Amino acid sequence: PVDGVGRSHGKAILIGEHAVVYGAAAIALPVPSVEAIAQVELLPAGETSRLTSRLHSGTFATLPAELTPVAAAVHAAATAVGLDPDRIHLRIGSQVPIGRGMGSSAAVAAAVVEAVADAAGAQLTAEVRHELIQTSERVAHGNPSGLDARTVVSDQPVRFLQRRPQGSVPVARPTSFVIADSGVSASTAVAVATVRARREAAPQVVDAVIEELSALVDPVAAALGSGDMTGLGAGMTRAHELLREIGVSSPVLDDLVEGALAAGSPGAKLTGSGGGGCVLALAASPQAADDLALALHAAGAPRTWTMTLAPRKGDA
Ligand code: PMV
């Protein structure tokens with residue numbers, strides 16, 4: 066029996082990664098093509114809470130370390146809605162790849178929080194829900210900005226500044242992107258430390274790059290809001306070049322960007338922390354997305370995901 070269900074999805078960063086650490090704005094995109102789903106069953110008294118997932122099937126007491134953020138999400142959400150966390154059977158399934166900067170931990174946490182609230186028949190406010198997801202994210206990542214936690218529950222691009230959401234970013238017309246996996250796991254902590262070390266060694270050079278990255282955010286948002294694919298793509302490709310200059314790209318990521326551009330993409334860049342992870346490539350039109358995905362496979366991506374941002378009613 067299923068007493069509560071929750072769903073959420075992945076995310077990608079359109080613009081502003083790394084510069085956001087130094088005070089710039091950033092824009093993150095929802096990626097609905099990779100979903101996380103959670104189901105809660107309320108157990109009769111006397112049974113022991115348990116988790117069923119690809120990585121673990123058994124009690125919470127024997128959970129592997131990588132799933133402790135899930136236990137934190139269950140505990141926080143159950144406590145908030147007045148359920149006994151010891152009487153929950155949680156099932157989770159997630160398509161969001163782990164370690165690719167696509168927000169897998171936040172997506173799973175968001176699905177779990179929603180499923181637990183649903184099982185209690187509780188309506189969470191956006192702020193309470195966000196705090197519960199962040200409780201899990203702190204276990205997963207230490208000091209998360211909240212960008213992942215906001216974007217995995219949004220159906221619109223989200224703009225961020227100084228760890229705070231500044232609302233959604235309008236989209237003028239259906240805009241398709243292909244996300245290409247580099248096949249390499251990314252460590253956000255290592256990438257952030259790489260930029261910090263470079264900045265200590267060459268402050269003027271790195272600060273100039275960060276400033277230019279930060280200056281791309283408004284034009285990119287404006288291009289998305291006016292349906293200017295050329296301008297949007299140009300901003301993305303420039304961001305990739307700048308991110309490469311500060312040491313967070315890799316030969317695989319550069320090849321994927323080159324492959325996308327050669328296939329007619331208006332622009333492409335690494336997305337997220339870099340080092341590994343994924344490339345985000347803009348399709349010239351929604352109809353061009355399949356060919357772009359094939360080109361990215363040919364350029365070395367073991368898998369790709371395609372998504373289309375649609376204008377919200379009133380934004381078009
Ligand atoms: O790869 P992700 O999604 O964890 O993105 C990290 C974004 C950075 O700007 C590199 C770091 C940060 O904390 O904002």
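In full-length UniProt numbering, the protein residues as written are 66 to 381.
Ideal Cβ placement from N, Cα and C applies to all residues, glycine included.
Keep in mind it's a predicted model, so treat the numbers as computed, not measured.
Cβ-Cβ separation, residue j to residue i (assumed contact under 8 Å), whole Å
{"i": "P95", "j": "D220", "result": "6 Å"}
{"i": "R309", "j": "D319", "result": "7 Å"}
{"i": "V236", "j": "A364", "result": "In fact, because the Cβ distance is near 27 Å, the residues do not count as touching under 8 Å."}
{"i": "A138", "j": "V99", "result": "Actually they are not in contact, since the Cβ atoms of A138 and V99 sit about 18 Å apart, beyond 8 Å."}
{"i": "V260", "j": "H83", "result": "5 Å"}
{"i": "L278", "j": "L307", "result": "5 Å"}
{"i": "L345", "j": "A77", "result": "5 Å"}
{"i": "V217", "j": "A180", "result": "Rounded, the Cβ-Cβ distance is 14 Å, inconsistent with contact."}
{"i": "residue 34", "j": "G340", "result": "Residue 34 falls outside the range modelled here, since the chain spans only 66 to 381, and no answer is possible."}
{"i": "H154", "j": "L108", "result": "6 Å"}
{"i": "E131", "j": "L120", "result": "7 Å"}
{"i": "H347", "j": "A245", "result": "Residue 347 is actually Leu in this sequence, not His. The pair is not a contact, with the Cβ atoms about 12 Å apart (cut-off 8 Å)."}
{"i": "P134", "j": "S170", "result": "5 Å"}
{"i": "H74", "j": "A110", "result": "That belief does not hold up - the Cβ atoms of H74 and A110 are roughly 35 Å apart, past 8 Å."}
Identity of the residue in the options nearest residue i by Cα
{"i": "R229", "options": "A364, V85 and S73", "result": "V85"}
{"i": "H206", "options": "R224, S241, G168 and R215", "result": "G168"}
{"i": "Q199", "options": "H305, G147, G71 and A174", "result": "A174"}
{"i": "E112", "options": "L120, Q104, T124 and I102", "result": "T124"}
{"i": "S330", "options": "L116, V243, T253 and R368", "result": "V243"}
{"i": "S252", "options": "R309, P97 and R165", "result": "R165"}
{"i": "A312", "options": "G71, A91, A267 and V67", "result": "The sequence given here places Gly at residue 312; Ala does not occur at that position. Taking only the C-alpha atoms, the option nearest G312 is A267."}
{"i": "P162", "options": "S247, G290, A280 and A287", "result": "S247"}
{"i": "I92", "options": "L297, G341, A256 and A254", "result": "L297"}
{"i": "A333", "options": "V249, T295, E196 and I153", "result": "T295"}
{"i": "R72", "options": "A136, A262, S315 and A103", "result": "A103"}
{"i": "L335", "options": "A256, G158 and V223", "result": "A256"}
{"i": "G69", "options": "A299, A214, Q188 and P239", "result": "Q188"}
{"i": "A328", "options": "A349, T144 and G81", "result": "A349"}
{"i": "A354", "options": "P367, T371 and I157", "result": "T371"}
{"i": "Q227", "options": "A89, A182 and R368", "result": "A89"}
{"i": "S250", "options": "P367, V271 and T373", "result": "P367"}
{"i": "V285", "options": "S201, V234, I275 and V146", "result": "V234"}
{"i": "P222", "options": "L116, A287, A136 and I275", "result": "A287"}
{"i": "L197", "options": "G211, A184 and G186", "result": "G211"}
{"i": "D151", "options": "D183, S122, L116 and I157", "result": "L116"}
{"i": "A184", "options": "P209, R156, I275 and N208", "result": "R156"}
{"i": "S201", "options": "E265, R264, A191 and A136", "result": "A136"}
{"i": "L79", "options": "T190, L289, R264 and D272", "result": "L289"}
{"i": "T373", "options": "V271, A273, A325 and R238", "result": "R238"}
Per DSSP, cross-strand counterpart(s) of residue i
{"i": "H74", "result": "E100"}
{"i": "I80", "result": "I92"}
{"i": "T373", "result": "S241"}
{"i": "I153", "result": "L107"}
{"i": "T117", "result": "S122 and R156"}
{"i": "G332", "result": "L347"}
{"i": "V223", "result": "A93 and S233"}
{"i": "D246", "result": "C343"}
{"i": "G337", "result": "In the DSSP output, where bridge partners are listed per residue, G337 has none listed."}
{"i": "G69", "result": "V105"}
Residue environment, residue i, which counts as buried when at least 16 other CB atoms sit within 10 Å
{"i": "D149", "result": "exposed"}
{"i": "S114", "result": "buried"}
{"i": "L359", "result": "exposed"}
{"i": "A142", "result": "buried"}
{"i": "T127", "result": "exposed"}
{"i": "T240", "result": "buried"}
{"i": "A214", "result": "buried"}
{"i": "V67", "result": "exposed"}
{"i": "G81", "result": "buried"}
{"i": "A254", "result": "exposed"}
{"i": "R203", "result": "exposed"}
{"i": "R194", "result": "buried"}
{"i": "R224", "result": "buried"}
{"i": "A145", "result": "buried"}
{"i": "residue 39", "result": "Since the displayed the chain opens at 66 and closes at 381, residue 39 lies outside it and no answer follows."}
{"i": "G232", "result": "exposed"}
{"i": "G342", "result": "buried"}
{"i": "G186", "result": "exposed"}
{"i": "P209", "result": "buried"}
{"i": "A304", "result": "buried"}
{"i": "T190", "result": "exposed"}
{"i": "A262", "result": "exposed"}
{"i": "A280", "result": "exposed"}
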